[in-house]
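There are 2 protein chains.
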Amino acid sequence: MTQTQPSSGFQQIDREGLVQRVAKLLSKAIVSGKLAPGARLSESVVARELGVSRAPVREAARLLESSGLVRSEPNRGFFVRQVSIKALNDLYELRLAIETAVVERLVQNWNDEIEEALTAQVAELHRVATEEADIFTQVEADMQFHRLMCTGSDNPKFLQVFEQVAIETEFSIMLIGQLYDDPTRIAETHEPILEALRARDATKAVSAIRYHISEAQRIVIDQFRLLEEGKTST
Amino acid sequence: MTQTQPSSGFQQIDREGLVQRVAKLLSKAIVSGKLAPGARLSESVVARELGVSRAPVREAARLLESSGLVRSEPNRGFFVRQVSIKALNDLYELRLAIETAVVERLVQNWNDEIEEALTAQVAELHRVATEEADIFTQVEADMQFHRLMCTGSDNPKFLQVFEQVAIETEFSIMLIGQLYDDPTRIAETHEPILEALRARDATKAVSAIRYHISEAQRIVIDQFRLLEEGKTST
DNA sequence: GAATTGTAGATTGTCGACAATTTACTTGAC
DNA sequence: GTCAAGTAAATTGTCGACAATCTACAATTC
Numbered sequence: 001m002t003q004t005q006p007s008s009g010f011q012q013i014d015r016e017g018l019v020q021r022v023a024k025l026l027s028k029a030i031v032s033g034k035l036a037p038g039a040r041l042s043e044s045v046v047a048r049e050l051g052v053s054r055a056p057v058r059e060a061a062r063l064l065e066s067s068g069l070v071r072s073e074p075n076r077g078f079f080v081r082q083v084s085i086k087a088l089n090d091l092y093e094l095r096l097a098i099e100t101a102v103v104e105r106l107v108q109n110w111n112d113e114i115e116e117a118l119t120a121q122v123a124e125l126h127r128v129a130t131e132e133a134d135i136f137t138q139v140e141a142d143m144q145f146h147r148l149m150c151t152g153s154d155n156p157k158f159l160q161v162f163e164q165v166a167i168e169t170e171f172s173i174m175l176i177g178q179l180y181d182d183p184t185r186i187a188e189t190h191e192p193i194l195e196a197l198r199a200r201d202a203t204k205a206v207s208a209i210r211y212h213i214s215e216a217q218r219i220v221i222d223q224f225r226l227l228e229e230g231k232t233s234t
Numbered sequence: 001m002t003q004t005q006p007s008s009g010f011q012q013i014d015r016e017g018l019v020q021r022v023a024k025l026l027s028k029a030i031v032s033g034k035l036a037p038g039a040r041l042s043e044s045v046v047a048r049e050l051g052v053s054r055a056p057v058r059e060a061a062r063l064l065e066s067s068g069l070v071r072s073e074p075n076r077g078f079f080v081r082q083v084s085i086k087a088l089n090d091l092y093e094l095r096l097a098i099e100t101a102v103v104e105r106l107v108q109n110w111n112d113e114i115e116e117a118l119t120a121q122v123a124e125l126h127r128v129a130t131e132e133a134d135i136f137t138q139v140e141a142d143m144q145f146h147r148l149m150c151t152g153s154d155n156p157k158f159l160q161v162f163e164q165v166a167i168e169t170e171f172s173i174m175l176i177g178q179l180y181d182d183p184t185r186i187a188e189t190h191e192p193i194l195e196a197l198r199a200r201d202a203t204k205a206v207s208a209i210r211y212h213i214s215e216a217q218r219i220v221i222d223q224f225r226l227l228e229e230g231k232t233s234t
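Okay, structure coming up:
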């Protein structure tokens with residue numbers, strides 16, 4: 001057993017398959033730019049580098065394929081998918097569709113538990129903005145807010161789709177995080193959503209999330225365009 | 001550009017990995033009820049039965065996991081996920097969110113090519129309703145209409161999500177197909193959507209798709225409830 | 001010299017085998 | 001009789017090896 005019974009405050013250890021760990025490492029390498037877009041993702045090389053067999057690498061790659069980070073060609077292997085401006089646009093269009101539906105459901109399902117969780121997360125967003133310098137932590141906190149909303153929608157399928165695009169989303173939020181001079185700005189942009197939800201005002205909540213995501217979309221794409229120009233001019 | 005060289009009208013052959021074929025077989029077995037919901041999906045048994053190694057079965061199972069048909073527990077293997085009334089409800093809520101966004105985009109992107117494809121597909125729906133007795137063929141045609149809409153939205157991510165839930169959707173449409181006495185009814189329910197799109201009337205198109213999906217949702221769930229009651233009383 | 005064909009090297013696709021883990025059963029104590 | 005611990009069978013997780021396929025380059029022809 002994995003420590004179910006009486007339980008003396010032990011933490012769940014590892015208990016995460018090799019596949020998941022490899023997948024996490026790979027996605028981090030891709031998002032951070034260590035693996036160039038379009039680059040071939042050789043199974044043998046990755047396997048050798050990580051000191052594991054090719055089987056878990058293959059499965060991890062297929063996992064990443066379903067989340068859109070890599071694409072596979074039969075008998076040719078896996079390639080790092082390149083994020084284009086269009087891809088980012090498409091990503092935000094999907095998020096808009098999903099999260100609009102999520103907040104609509106949230107207004108219906110609203111309860112103290114959800115309110116507490118989201119309120120705490122906004123507080124956490126403020127905390128990491130002031131106390132933590134690390135951008136990655138801040139991005140994680142941002143993601144967590146949206147993840148909590150999906151969880152609270154009581155529709156696992158919404159959460160599933162969110163997790164599917166989570167890595168790319170994280171990547172895009174990273175771009176925003178680097179843009180804002182003042183990190184507290186990130187925290188503030190989430191407050192109108194929470195307020196509208198608290199008031200259980202569906203119309204207001206929908207327009208709040210639409211505004212939130214559209215703004216993020218604009219910023220991410222502007223920032224990405226800058227990044228691209230810098231790259232081509234080198 | 002699926003036709004590059006001089007080309008002498010040959011058709012693309014198979015070119016589909018063993019993994020994909022196994023996945024298709026498994027999903028068909030699940031939705032057809034051959035594999036009971038909640039049942040363990042033993043790698044070795046499936047592998048032996050299909051005459052292949054366990055590796056492709058594993059990968060196929062992981063593929064099905066991302067499409068929600070099976071769930072995996074570490075060190076315990078894969079299990080057939082059971083479709084509950086709530087799961088069907090959730091599925092249709094997701095479809096509603098996605099396809100609403102899709103028709104909104106379709107109105108913007110509308111062009112002759114899309115119009116032709118969708119018109120032809122409605123005609124095909126009528127054809128299979130009258131000429132083909134096979135329910136499966138009819139369901140395939142229904143799916144194809146929605147798939148074409150997603151493709152036409154020019155956002156690959158919408159199509160991706162659609163394909164993710166495609167198998168479950170197919171399963172649910174199968175229930176509808178069995179309900180309608182008159183198969184042409186299926187074809188007819190798609191016409192208002194196409195008409196609204198032709199008129200490039202976003203508001204009308206959205207309400208048409210909402211009506212279409214909501215009706216399907218109602219029917220599927222009623223039908224499923226009937227099926228469940230029949231099962232428990234046995 | 002350009003285009004096609006042939007060949008060698010590398011890479012993926014699939015397999016069977018072994019180690020780690022879980023499950024079902026038996027045994028023993030209370 | 002019930003519960004716990006121990007043990008054996010079955011199953012998954014991982015591995016290294018071989019076959020099928022692709023890629024790049026050399027050889028050949030026009």
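These protein sequence lines are chains A and B, in that order. All letters in the first sequence, in the order written, are residues 1 to 234 by our numbering. All letters in the second sequence, in the order written, are residues 1 to 234 by our numbering. Glycine included, each C-beta is placed from N, C-alpha and C at the ideal position. Quick caveat, the model's predicted, so the values are computed rather than measured.
(1) If the cut is a Cβ gap below 8 Å, which residues of chain B does K28 (chain A) touch?
(2) For the beta strand (DSSP E) containing S72 (chain A), list its first residue and its last residue.
(3) Tell me the start and end of each unbroken alpha helix (DSSP H) in the segment 141 to 201 of chain B that is at least 4 residues and wholly inside, in chain order.
(4) Rounded to a whole number of angstroms, what is the C-alpha to C-alpha distance between E131 (chain A) and F145 (chain A)?
(5) Looking at the strands, I want to know which residues DSSP matches up with R40 (chain A).
(6) In whole angstroms, what is the alpha-carbon distance linking R62 (chain A) and L63 (chain B)?
(7) Helix, strand or coil: which one does DSSP assign to D112 (chain B)?
(8) In this structure, does DSSP put V103 (chain B) in helix, strand or coil?
(9) Counting contacts by CB-CB distance shorter than 7 Å, is G152 (chain A) in contact with chain B?
(10) Below 8 Å on the Cβ atoms is my contact criterion, and I expect F171 (chain B) with I98 (chain B) to pass it. Report the Cβ-Cβ distance as a whole number of Å.
(11) Which of the three DSSP states, helix, strand or coil, is assigned to K254 (chain B)?
(12) Assuming F79 (chain B) contacts G38 (chain B) under a Cβ cut-off of 8 Å, what Cβ separation, rounded to an integer in Å, is found between them?
(13) V19 (chain A) by DSSP, collapsed to three states: which one?
(14) How would you label T56 (chain B), buried or exposed, when you count the other beta carbons within 10 angstroms and need 16 or more for buried?
(15) Taking only the alpha-carbon atoms, compute the straight-line gap between S72 (chain A) and E65 (chain A) and give it to the nearest angstrom.
(16) Report the option in B:S84, B:L50, B:I167 whose CA atom is closest to the CA atom of V22 (chain B).
(17) Let's test the definition: count the other Cβ atoms within 10 Å of the Cβ of V169 (chain A) and tell me whether it reaches 16, buried, or not, exposed.
(18) Mind checking whether A202 (chain B) and V107 (chain B) have CB atoms under 7 Å apart?
(19) How would you list, in chain order, the residues of chain B whose beta-carbon sits under 8 Å from the beta-carbon of R62 (chain A)?
(20) Beta-carbon of E43 (chain A) versus every beta-carbon of chain B: anything under 7 Å?
(21) Could you check whether L69 (chain B) and I167 (chain B) sit closer than 7 Å to each other, using their CB atoms as the reference points?
Reading it off the structure:
(1) Locating residue 28 (chain A) in the first sequence gives position 28, where the first residue counts as 1. Ordered by position in chain B, no residue passes the 8 Å Cβ test against K28 (chain A), which lies about 20 Å from the chain.
(2) Position 72 of the first sequence, counted from the start, is the residue given in the question as residue 72 (chain A). Its beta strand (DSSP E) spans residues 70 to 73.
(3) Fully enclosed alpha helix (DSSP H) runs of 4 or longer: 156 to 164, 166 to 179, 184 to 198.
(4) On the first sequence, residue 131 (chain A) is found 131 positions in, with the first residue counted as 1. On the first sequence, residue 145 (chain A) is found 145 positions in, with the first residue counted as 1. So the two alpha carbons sit approximately 18 Å from each other.
(5) Sequence index remark: in the first sequence, residue 40 (chain A) carries index 40 (1-based). A:F79, per the DSSP bridge assignment.
(6) As a first step, residue 62 (chain A) must be located in the first sequence, where it is residue number 62. As a first step, residue 63 (chain B) must be located in the second sequence, where it is residue number 63. C-alpha separation (whole angstroms): 8 Å.
(7) Position 112 of the second sequence, counting from 1, holds the residue named residue 112 (chain B). Three-state result, D112 (chain B): helix.
(8) Indexing the second sequence from 1 puts residue 103 (chain B) at position 103. Correct three-state label for V103 (chain B): helix.
(9) Sequence index remark: in the first sequence, residue 152 (chain A) carries index 152 (1-based). Chain B has no Cβ within less than 7 Å of the Cβ of G152 (chain A).
(10) What you label residue 171 (chain B) is simply residue 171 of the second sequence in a count that begins at 1. What you label residue 98 (chain B) is simply residue 98 of the second sequence in a count that begins at 1. The C-beta distance from F171 (chain B) to I98 (chain B) rounds to 17 Å, too long to fall under 8 Å, and the pair is not in contact.
(11) Residue 254 (chain B) is absent from the model: chain B starts at 1 and stops at 234.
(12) Mapped onto the second sequence, residue 79 (chain B) falls at position 79. Mapped onto the second sequence, residue 38 (chain B) falls at position 38. Contact holds; Cβ gap of about 6 Å.
(13) Position 19 of the first sequence, counted from the first residue, corresponds to residue 19 (chain A). In the structure shown, V19 (chain A) adopts helical secondary structure according to DSSP, grouped into three states.
(14) Translated into the one-based positions of the second sequence, residue 56 (chain B) becomes position 56. The question names Thr, but residue 56 (chain B) in the sequence shown is Pro. Burial call: buried.
(15) Start at 1 with the first residue of the first sequence, and residue 72 (chain A) comes out as number 72. Start at 1 with the first residue of the first sequence, and residue 65 (chain A) comes out as number 65. Counting only the Cα atoms, E65 (chain A) lies some 7 Å from S72 (chain A).
(16) In the second sequence, counting from the first residue as 1, residue 22 (chain B) sits at position 22. Cα-wise, what sits closest to V22 (chain B) is B:L50.
(17) Here residue 169 (chain A) refers to the residue found at position 169 of the first sequence. Residue identity check: residue 169 (chain A) is Thr in the sequence provided, not Val. By the C-beta density criterion, T169 (chain A) is buried, having at least 16 other C-beta atoms within 10 angstroms.
(18) By 1-based counting over the second sequence, the position of residue 202 (chain B) is 202. By 1-based counting over the second sequence, the position of residue 107 (chain B) is 107. If you check the CB distance, A202 (chain B) and V107 (chain B) come in under 7 Å.
(19) Numbered from 1 along the first sequence, position 62 holds the residue referred to as residue 62 (chain A). Per Cβ cutoff of 8 Å: E59, R62, L63.
(20) Taking the first residue of the first sequence as position 1, residue 43 (chain A) is located at position 43. Not closer than 7 Å to any Cβ of chain B, the Cβ of E43 (chain A) fails to qualify, so no.
(21) As a working note, residue 167 (chain B) is residue 167 in the second sequence. As a working note, residue 69 (chain B) is residue 69 in the second sequence. Their beta carbons are under 7 Å apart, which means I167 (chain B) touches L69 (chain B) by this criterion.
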